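Each residue of the sequence shown is one higher than the one before, counting from 1 in UniProt numbering.
All C-beta atoms in this analysis are idealised placements derived from N, C-alpha and C, irrespective of residue type, glycine included.
Quick caveat: nothing in here was measured; it's all calculated off a predicted structure.
Heads up: the structure comes next, in structure tokens.
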Amino acid sequence: MPYLQAIIRETFRLHPPVPMVTRRCVAECKVENYVIPENTLLFVNFRPERFLKNGEGDSIDVRGQHFQLLPFGSGRRMCPGVSLAMQEVPALLGAIIQCFDFKVVDHKTGMILNDVGDIDVDERPGLTAPRVNNLLCVPVERTKCGAT
């Protein structure tokens, strides 16, 4: 389960559910060599690589208590479903990984690809960070799961 939790956190870091969560700077401040004027809108997921230093990413809380990672927002406007999501996502993802293999479908031809190579995960502008090219997959049952 720890590796699955790490995959989920990394996914939230790279592709937050709502990528344009902003914060407003309430007073002028200086961060390293940058002066941030009062009332400046700040985008939280500007440089996500900063969370990878010294392998300390496992202590980052997705609930936004220390404003390091905010896939669900924080404070009074935090997503009310965060606790449910943090229980349901690992359970669902674990079951899917256990029960299925996935074959990638070419988005141009509709044919199943046996040799996938690199997958294009480039994003285009939008509220939910949609992909430039949709990733089409076909689930292939690996084991008999659930009720028969």
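Is DSSP giving residue i helix, strand or coil here?
{"i": "residue 119", "result": "coil"}
{"i": "residue 35", "result": "strand"}
{"i": "residue 10", "result": "helix"}
{"i": "residue 28", "result": "coil"}
{"i": "residue 4", "result": "helix"}
{"i": "residue 23", "result": "strand"}
{"i": "residue 92", "result": "helix"}
{"i": "residue 113", "result": "strand"}
{"i": "residue 149", "result": "Missing from the structure shown is residue 149; the chain here goes from 1 to 148 and no further."}
On the criterion of 16 or more Cβ atoms from any shown chain inside 10 Å, does residue i qualify as buried, or is it exposed?
{"i": "residue 70", "result": "buried"}
{"i": "residue 142", "result": "exposed"}
{"i": "residue 80", "result": "exposed"}
{"i": "residue 16", "result": "buried"}
{"i": "residue 13", "result": "buried"}
{"i": "residue 74", "result": "buried"}
{"i": "residue 46", "result": "Residue placement at residue 46 is poorly supported in this model, since its pLDDT is 45, which falls under 50; the coordinates still yield a value, given next. Exposed, by the Cβ-count rule."}
Determine the extent of the beta strand (DSSP E) in which residue i is found, giving its start and end residues.
{"i": "residue 138", "result": "136-141"}
{"i": "residue 132", "result": "Neither: residue 132 is in no beta strand (DSSP E) and is coded neither H nor E."}
{"i": "residue 103", "result": "100-105"}
*asked:* Taking 8 Å as the cut-off, does the region 136-144 touch the region 97-106 (at least 3 CB pairs, one atom from each stretch)?
replied: yes
_Under 8 Å, with one C-beta from each stretch per pair, do the region 1-9 and the region 88-95 reach the 3-pair mark?_
yes
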